[in-house]
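Residue numbers (our numbering): 1 to 296.
Here the structure is laid out as structure tokens; the discussion comes afterwards.
What follows is the structure in structure tokens.
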């Protein structure tokens with residue numbers, strides 16, 4: 001879609017596998033949105049400006065600000081945006097300027113956050129936290145952002161007080177595609193009924209993982225039920241370690257994945273509040289743009 005005039009600024013969520021951009025008008029109105037598969041992992045060094053121009057070149061005016069978050073600020077990204085410290089606010093005025101050759105571009109990248117002990121880092125999620133706080137300044141509690149590396153973020157008094165990264169999604173992928181279990185697992189989306197039944201087992205998954213293969217060899221387990229069983233083992237263990245009965249957990253991410261986390265959280269007595277990830281990302285990018293403008 002061709003917009004009538006250049007946007008006031010451009011918001012960009014640049015992850016490992018996807019680049020999403022929004023043309024922003026007055027009052028935070030989204031004039032247009034686009035996306036591509038030119039995520040950080042697909043762009044060669046020195047190719048970030050070209051990848052961005054391929055998507056937004058026809059939007060640009062004489063000098064168009066771009067505010068970006070995500071893995072574009074990683075060491076392998078456009079330019080490394082040094083981590084902000086945790087505990088601390090999810091946003092600060094110390095955005096990192098990306099080098100550009102096109103005079104129409106002015107690109108700034110939001111830093112991720114780093115936690116010294118226990119050591120942990122995140123990039124992109126801090127922008128969603130900032131978006132939540134922009135909409136609800138008094139929010140306090142836990143956010144769970146399921147994904148390849150699920151983040152559990154604790155927020156109080158407008159700051160991130162701590163966070164934990166769980167490699168649950170990556171472990172599931174490795175076990176289901178590269179371990180002995182792959183011979184017993186189906187490929188269908190995880191069945192919620194089978195998932196909920198498997199959650200009832202509880203306990204440490206390590207002594208029980210091989211049982212998935214053994215049950216298949218001895219009893220001919222349904223492959224899709226076995227896949228749900230593996231998912232429940234891993235997600236159930238994560239939730240048991242990080243959520244407490246009575247907690248209210250704000251949950252945002254892919255709907256198929258958040259549905260499984262909702263089942264696991266409700267099983268341990270948590271109240272779940274679903275949030276829209278894109279809405280919070282845009283709110284966080286908008287807050288960062290306002291911060292940058294306030295320093296000029």
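Backbone N, C-alpha and C fix where the C-beta goes; we use that ideal spot for every residue, glycine too.
- Segment contact: the stretch 254-264 against the stretch 94-111, fewer than three CB-CB distances shorter than 8 angstroms; contact not assigned.
- In the DSSP assignment, residue 184 forms no beta bridge with any residue.
- Going by C-alpha positions, residue 191 is about 10 angstroms away from residue 232.
- Between residue 31 and residue 292, the C-beta gap is not smaller than 8 angstroms, which leaves the two residues out of contact.
- Counted as a single uninterrupted DSSP element, the stretch harbouring residue 113 is not any alpha helix (DSSP H) but the beta strand (DSSP E) occupying residues 113-115.
- DSSP places residue 139 outside both helix and strand once states are collapsed to three, so it counts as coil.
- Proximity of the stretch 34-46 to the stretch 11-23 meets the contact definition, three or more beta-carbon pairs being nearer than 8 angstroms.
- Ranked by Cα distance from residue 158, the options 243, 92 and 270 are led by 92.
- Along the stretch 146-171, the beta strand (DSSP E) occurs as fully enclosed runs of 3 or more residues at 150-156 and 159-166, listed in sequence order.
- Residue 15 has its alpha-carbon roughly 30 angstroms from the corresponding atom of residue 229.
- When 34, 277, 220 and 112 are compared, the shortest CA-CA separation from residue 144 is found for 277.
- Judged by DSSP secondary structure, residue 264 falls within the alpha helix (DSSP H) whose first and last residues are 255-267.
- Closest in C-alpha terms to residue 253, from the list 169, 195, 179 and 199, comes 169.
- Here residue 28 has 286 as same chain residues with Cβ atoms under 6 angstroms from its own Cβ, once five neighbours each way along the sequence are excluded.
- Taking 3 residues as the shortest admissible run, the stretch 59-143 contains the following complete beta strand (DSSP E) segments, listed from N- to C-terminal end: 64-69, 84-86, 105-109, 113-115 and 120-122.
- Cβ contact annotation for residue 59 (same chain, cutoff 8 angstroms, sequence separation greater than five): 3, 6, 7, 10, 23 and 32, in chain order.
- Runs of the beta strand (DSSP E) lying entirely within the stretch 22-55 and spanning at least 3 residues, in chain order: 30-36.
- Residue state for residue 239 is assigned as helix, using DSSP reduced to three classes.
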